[in-house]
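Numbering (my numbering), first residue to last: 13 to 359.
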Ligand code: AMP
Ligand code: TRP
């Protein structure tokens, strides 16, 4: 019997992506993910966006804070331009297909594949005997998030590339094991000037909501003064800016600020360096701070306004979950049939 052939036209373009509500949203989330989620929606593509609360609990989350952060992230999505009538916006735990397909993928993925995941190695560190089993299985649940919708494209930051490759491996193995061209081989969409926004304290480390130093990141909830102060204090060197990107090769902190400026201004990093060639950081940093405040403060304001009505946010998430479930449930039912499960319960 010949191998199943992937025919991309079988799978209509559908975008899925997720963000963990394990802390506040950062500028990294905004530029690497959220801003591009909005662009995809506005291009008229079918877009499904998920607050992955089940991924969040792979590390300890205080229940009250988790609920609060999930609402805040939802408010951040809407404030940044996600329209819950044009995109589907929901929290993962309200659609049980994620957990169910996640289990099936735990049985498809190989231990060796999981052991190579760098995010697990980074997060577990020397403590790997003592982290949750869920943290190890995390990428299989992520594959389930994506494939429960047969999503063809996933916009993410650079750090998620390996997880999307694992999703492709899981889809391929499932298709081959069961001799069905059932799941698409999903493409990561990693584009723009800020696919990896770095810490403001260390240009070689990713900006992260879990960094112990609040100075290392811009939070979407920071006010204008805080944003300006954080950029003013951002780590840089004493040299003026060069006239080409080549000159930033060994200056990761400076390069990071140029990338952030470019992404916020919708310019290329080349255009930014041309504009600021020879400038001191004393000039560039305030310009960057002004730009960041101009772009982020309307979002911050809208976010805090939305947060005043948590019941409305919950309503939006519930409605999104019903729409998501209507897509994922029939796909999951087919998976159960393919795998050989009896489905005889009357519903
Ligand atoms: P997380 O906050 O880890 O759930 O990430 C959610 C999304 O934001 C993913 O697509 C990440 O790749 C993206 N992201 C997180 N941090 C950064 C960063 N520092 N730079 C660019 N993208 C990021
Ligand atoms: N693993 C992603 C992160 O930490 C979050 C995530 C979970 C995700 N499921 C997803 C991203 C599905 C894209 C698609 O950033």
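Quick reminder that beta carbons are idealized off the backbone N, C-alpha and C, glycines included. No experiment lies behind these values; they were computed from the predicted model shown.
- Note on the stretch 221 to 309: whole alpha helix (DSSP H) runs with a minimum of 4 residues are 236 to 245, 264 to 277 and 281 to 287, in chain order.
- Bridge partners of residue 30 according to DSSP: 62.
- By the beta-carbon neighbour count (other beta carbons within 10 angstroms, threshold 16), residue 224 is exposed.
- When secondary structure is reduced to three states using DSSP, residue 193 falls in the coil class, being assigned neither helix nor strand.
- For residue 189, same chain residues with a beta-carbon under 8 angstroms away, outside a window of 5 residues either side, are 120 in chain order.
- Annotated three-state conformation of residue 200 is strand, per DSSP.
- A straight line joining the alpha-carbon of residue 292 with that of residue 85 spans about 36 angstroms.
- In the DSSP assignment, residue 100 falls within the unbroken beta strand (DSSP E) covering 100 to 103.
- The Cβ neighbour count for residue 88, taken over all protein chains shown within 10 Å, is at least 16; the residue is labelled buried.
- Distance from the C-beta of residue 62 to the nearest heavy atom of the ligand TRP is below 8 angstroms.
- Assignment of residue 353 by DSSP, reduced to helix, strand and coil, places it in the coil class.
- A straight-line Cα-Cα distance of about 34 angstroms links residue 74 and residue 347.
- Between residue 323 and residue 315, the alpha-carbon positions lie close to 14 angstroms from each other.
- Residue 40 and residue 220 do touch by the CB rule: their CB atoms are close to 7 angstroms apart, below 8 angstroms.
- At least one heavy atom of the ligand TRP falls within 8 angstroms of the beta-carbon of residue 172.
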